[in-house]
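Undergrad: Quick one: structure below, then a few questions.
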């Protein structure tokens, strides 16, 4: 095999450039804010190991997250990477992807979700596409991006499943759900979503992607809207975190 001098120079330059950037602008751990080594990404090794992982990838029977939707909507499978702990490590992760323009962090976390799903006993090879829970156009314009869409991109990279951002749209700009009760959350989002109609290709199985599942009211509404138009479609739910 012939030696490619240009490839060698390019690779060497990238390595030195990465080291220089790290020296001048060191990356910090999302949780403890300590400086990361060049071999660490987003989290220091200690904080990465101490994340509140849900362990849901090991469930082949019903999990607590599955049970949240019992009697409400038919769900194929659910998965959430982390358990949400208010004022804890998970909140420190969620806040920057929603309010600090950390799209890169959201994509990275999506790859972690995808990796867990890919290695779980449950097969998702038949998924047609991923559907990020949409933001209203006004909120998306203000924020500049949709964190669920960035999570979906990371999952997509690991599962080799495309992301469809036009299948489900938000037509009503509901108020913030953060401090609302379960009933008020449900009432707040009624008639908020519309699904793309008239798709000729059969849709057998899709996965909705959200950042944090609290009461499940948003996902419940989305699933109802989708099944009204595509009643035979199987739906799974993926999220970064859920409130246990």
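Residue numbers (this note's numbering): 25 to 268.
Ideal Cβ placement from N, Cα and C applies to all residues, glycine included.
Using a 10 Å radius around the Cβ and a threshold of 16 neighbouring Cβ atoms, would you call residue 171 buried or exposed?
TA: buried
Undergrad: Identify whether residue 187 lies in helix, strand or coil by the three-state DSSP scheme.
TA: strand
Undergrad: On a CA-only basis, which of 97, 138 and 128 is nearest residue 105? Give me that one, please.
TA: 138
Undergrad: Can you pull the DSSP bridge partners for residue 234?
TA: 263
Undergrad: For residue 223, does the count of other Cβ atoms within 10 angstroms reach 16, so buried, or fall short, so exposed?
TA: exposed
Undergrad: Which whole runs of the alpha helix (DSSP H) in the segment 126-180 are 4 residues long or more, in chain order?
TA: 127-142 and 161-167
Undergrad: For the segment 109-129 against the segment 244-253, do three or more pairs of beta-carbon atoms, one drawn from each stretch, fall closer than 8 Å, so that the two count as touching?
TA: no
Undergrad: Could you tell me which residues DSSP puts in a beta bridge with residue 218?
TA: 193
Undergrad: Let me know if residue 146 comes out buried or exposed under the rule of 16 or more other beta-carbons within 10 Å of its beta-carbon.
TA: exposed
Undergrad: Find the nearest neighbour of residue 219 within the set 197, 149, 246 and 178, judged by alpha-carbon distance.
TA: Closest by alpha carbon: 246.
Undergrad: Just the Cα atoms here: how many angstroms apart are residue 45 and residue 241?
TA: The pLDDT assigned to residue 45 is 47, lower than 50, so where the model puts this residue is not dependable; a value taken from the coordinates is nonetheless given after this. Going by the C-alpha atoms only, they are around 43 Å apart.
Undergrad: Go ahead and pull the three-state DSSP assignment for residue 46.
TA: For residue 46, the predicted model reports a pLDDT of 45, less than 50, meaning its position is unreliable and no value from the coordinates is stated.
Undergrad: Looking only at its own chain, which residues have a Cβ that is under 7 Å from the Cβ of residue 53, when we skip the five neighbours before and after it?
TA: 60, 67, 68 and 71
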